[in-house]
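Undergrad:
Chains as they are written, first to last, in the numbering used here: chain A, 1 to 116; chain B, 117 to 231.
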């Protein structure tokens with residue numbers, strides 16, 4: 001238990017569905033992240049929120065829409081996805097900062113997404 | 117963009133053997149992290165390195181931050197079956213500006229330990 005929870009753990013959706021992934025951290029952190037993990041590929045950073053401000057959108061298609069209502073919660077809204085979007089989506093959190101560095105990131109267990 | 121080359125891609129070893137894996141970068145990193153991921157879980161931090169030349173241990177695990185700041189090594193001594201998993205290196209340039217938190221990950225090393 002790392003203090004970062006994700007729901008649901010598994011999700012199967014059609015290409016026309018709209019769904020949301022939820023992440024919650026209980027560590028008092030101020031930075032949260034979404035990563036995509038596909039088979040045989042490195043973890044791909046998608047979005048970074050630092051003190052609730054989005055500081056990174058790593059060229060992610062608009063069918064993925066993040067939302068960070070407060071420092072403890074992060075959502076990833078999904079619509080009109082493609083089969084190639086099937087992957088493990090990981091949320092992480094860290095202390096947060098303005099120094100341009102990198103704190104230790106703590107990961108949730110992930111949501112296994114399958115797009116049919 | 118920045119890339120990390122992690123090797124080997126996979127290892128099959130006998131229980132009790134020592135393990136070594138490494139990551140190399142085409143550019144300088146000022147933070148190196150090593151994570152382990154088990155099936156159905158997210159990556160868990162094993163060791164964090166913040167200074168060139170630093171050697172840090174966590175139980176049977178030892179990691180080193182290369183002097184050139186372009187590589188890092190992880191060693192596991194006397195492996196046991198529960199060491200099975202995927203090991204990832206991650207680096208960050210600490211370049212300031214808006215680069216906060218933008219880790220670059222290696223491809224991972226899949227470790228299998230035979231009893």
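Even for Gly, the Cβ is constructed at its ideal location relative to N, Cα and C.
The structure displayed is predicted, hence computed values, not measured ones.
(1) Counting only beta-carbon atoms, is residue 164 of chain B nearer than 8 Å to chain A?
(2) According to DSSP, is residue 187 of chain B part of a helix, a strand, or is it coil?
(3) Measuring only the C-alpha atoms, how far is residue 182 of chain A from residue 77 of chain A?
(4) For the beta strand (DSSP E) holding residue 228 of chain B, just list the boundary residues, first then last.
(5) Since residue 16 of chain A meets chain B, which of its residues come closer than 7 Å, beta carbon to beta carbon?
(6) Give me whichever residues DSSP pairs with residue 171 of chain B in a beta bridge.
(7) Going by the DSSP bridge assignment, what does residue 18 of chain A pair with across the sheet?
(8) Does the region 131-141 of chain B touch the region 187-196 of chain B, meaning 3 or more C-beta pairs lie closer than 8 Å?
(9) Going by DSSP, what residues sit across from residue 154 of chain B in a beta bridge?
(10) Which one of A:85, A:96, A:73 has the shortest CA to CA distance from residue 4 of chain A?
(11) Is it right to say residue 12 of chain A is buried, meaning 16 or more other beta carbons lie within 10 angstroms of its own, or is it exposed?
(12) So, is residue 128 of chain B buried or exposed, given that buried needs 16 or more other C-beta atoms within 10 angstroms?
TA: Looking at the coordinates:
(1) yes
(2) Collapsing the DSSP output to three states places residue 187 of chain B in a strand.
(3) Nothing in the structure corresponds to residue 182 of chain A, since chain A is present only between 1 and 116.
(4) 225-230
(5) Within chain B, no residue comes near residue 16 of chain A; the closest Cβ sits about 28 Å away, beyond 7 Å.
(6) B:180
(7) A:79
(8) yes
(9) Paired residues: none, contrary to the question.
(10) A:73
(11) exposed
(12) It counts as exposed.
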